[in-house]
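Position in the sequence shown (first residue = 1) + 738 = the numbering used here.
C-beta atoms are modelled at their ideal positions from N, C-alpha and C, and glycine is treated no differently.
All figures in this text were calculated on a predicted structure; none of them were measured in a lab.
Encoded as structure tokens, the structure appears first; notes follow it.
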Amino acid sequence: MQLRGLLLIVLVIGFEKSYSQSDSKLDPRIINGVEAPISRTKFQVSIRLKQHDRIFGRGHICGGSLIGPNKVLTAAHCLYNTDRKRYRKAKEFIVVMGTQNRFSRVNGTIVSDVTSIAYTNSFSLDTMRDDVGVMFLKTGLPANKTHLTVSPIVLSNSSVAPGTKCQVSGWGKTSQGLLSTDLMMTNVSIIQQGVCRTSYGNGIVEGMFCAGSLLGGTDSCQGDSGGPLVCNNELVGIVSWGNGCAQKGFPGVYSNVSYYRNWIDSRNASAPVDYSFGFLSLSFTLALGILFN
Ligand code: 4AZ
739 MQLRGLLLIV
749 LVIGFEKSYS
759 QSDSKLDPRI
769 INGVEAPISR
779 TKFQVSIRLK
789 QHDRIFGRGH
799 ICGGSLIGPN
809 KVLTAAHCLY
819 NTDRKRYRKA
829 KEFIVVMGTQ
839 NRFSRVNGTI
849 VSDVTSIAYT
859 NSFSLDTMRD
869 DVGVMFLKTG
879 LPANKTHLTV
889 SPIVLSNSSV
899 APGTKCQVSG
909 WGKTSQGLLS
919 TDLMMTNVSI
929 IQQGVCRTSY
939 GNGIVEGMFC
949 AGSLLGGTDS
959 CQGDSGGPLV
969 CNNELVGIVS
979 WGNGCAQKGF
989 PGVYSNVSYY
999 RNWIDSRNAS
1009 APVDYSFGFL
1019 SLSFTLALGI
1029 LFN
């Protein structure tokens, strides 16, 4: 009995300690950004779980980018239900665009159901390899008329030089530790693969790259996942993972849009679950192996 009491006290003290520790190093997360100008984020979408969005805005789980009138690029991990260890169904999502404030529907806001999703069978939550996914919208951009606050972004098809200044945006966690009400944006620089590997070692595989500030201080964070990293008006990266957010020496890790470009381009509304990237990369690896043998 006494032992149990003692154990309880130890547990409580232990808990308080770890709680206050994580509280005090409240890493500034889109941490230390500014409110995103609508003119520069017309392609930004909010991906939500329909079930949780009965209070409009509460269901936000991830960002995404509009890459065609009915096509959204995001991260595979945004499509995955980690509790149930399976991909979600398209009907579990809604996609919202043309909003700055997550909780407000304004003139021009589009709310769409999702008709199908696509991902690769090689995505792994353990390694975050191939963290790329596509969604198709039921009611995307209306055809034949320009929309004031929503428009798709062009995909990059080449790698971007280290040092290039780019922008990442989203409603992810801020330095307060909560999802943001307003869409935020910050500047991050593309980081050399070798430097990225000094931070993350072999955790960085093909299809990943780092962007951020090695000094820390500004970064994407939880809830920004799936969202856009834009350089020179082209979509270059997808927010994927990192060691915490905005920590010195640990920049954000992004999926490389140009690396996945062929896979992304070849997805269409009638190709829901897909295995071709895994297959293609396997054949590519085999082909390279044969070539260099
Ligand atoms: C996350 O947990 C997450 N700093 C997203 C982005 C980054 C870290 C974590 C990058 O979804």
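Asked: Inter-stretch contact at 8 Å, needing at least 3 Cβ pairs: the segment 917-933 / the segment 995-1006; Found: no
Asked: Backbone CA spacing between VAL852 and MET873 [nearest angstrom]; Found: 7 Å
Asked: Collapsed DSSP secondary structure at TRP1001 in the structure displayed; Found: helix
Asked: For ILE942, three-class secondary structure by DSSP; Found: coil
Asked: heavy atom of the ligand 4AZ below 7 Å from ASP957 C-beta; Found: yes
Asked: Opening and closing residue of the beta strand (DSSP E) in which HIS790 lies; Found: Taken as a continuous stretch (DSSP letters only), HIS790 belongs to no beta strand (DSSP E), as it is neither H nor E.
Asked: Test item: CB-CB of ASP868 and ILE976 under 8 Å; Found: no
Asked: Top-ranked residue by Cα proximity to ASN770, from ALA1007, ASN819, GLY910 and THR877; Found: GLY910
Asked: Any non-hydrogen atom of the ligand 4AZ closer than 7 Å to VAL977 Cβ; Found: yes
Asked: Burial state of GLY945 (16 or more Cβ within 10 Å); Found: buried
Asked: Per DSSP, the bridge partner or partners of GLN905; Found: ASN925 and VAL968
Asked: Entirely enclosed beta strand (DSSP E) segments - the segment 832-870, minimum 3 residues; Found: 848-857
Asked: Coarse secondary structure for GLN782, derived from DSSP in three states; Found: strand
Asked: Spatially closest choice to HIS790 from ALA813, LEU811 and VAL833, by CA coordinates; Found: VAL833
Asked: Boundaries of the beta strand (DSSP E) in which CYS816 is found, first to last residue; Found: No beta strand (DSSP E) contains CYS816, which DSSP labels as neither H nor E.
Asked: Cβ neighbour criterion (16 or more within 10 Å) applied to ASN940; Found: exposed
Asked: Pairwise C-alpha distance: ARG778 and GLY795; Found: 21 Å
Asked: Through-space distance from GLY871 to SER854, alpha-carbon basis; Found: 11 Å
Asked: Local conformation of SER777 per DSSP, three classes; Found: helix
Asked: Alpha-carbon to alpha-carbon, VAL933 and ILE805; Found: 30 Å
Asked: For ARG826, the three-state DSSP class (helix, strand or coil); Found: coil
Asked: Candidates SER951, LEU787 and SER913, of which the one nearest LYS930 by Cα; Found: In the sequence as presented, Lys is not what sits at residue 930; that position holds Gln. GLN930 has its Cα closest to that of SER951, out of SER951, LEU787 and SER913.
Asked: Any non-hydrogen atom of the ligand 4AZ closer than 7 Å to SER963 Cβ; Found: yes
Asked: Among PHE947, CYS959, CYS904 and GLY982, nearest to LEU967 - alpha-carbon criterion; Found: CYS904
Asked: Near the ligand 4AZ: CYS983 beta-carbon under 7 Å from a heavy atom; Found: yes
Asked: Limits of the beta strand (DSSP E) - the one that VAL991 falls within; Found: 990-994
Asked: ARG824 burial status per 10 Å Cβ neighbour count (16 or more: buried); Found: exposed
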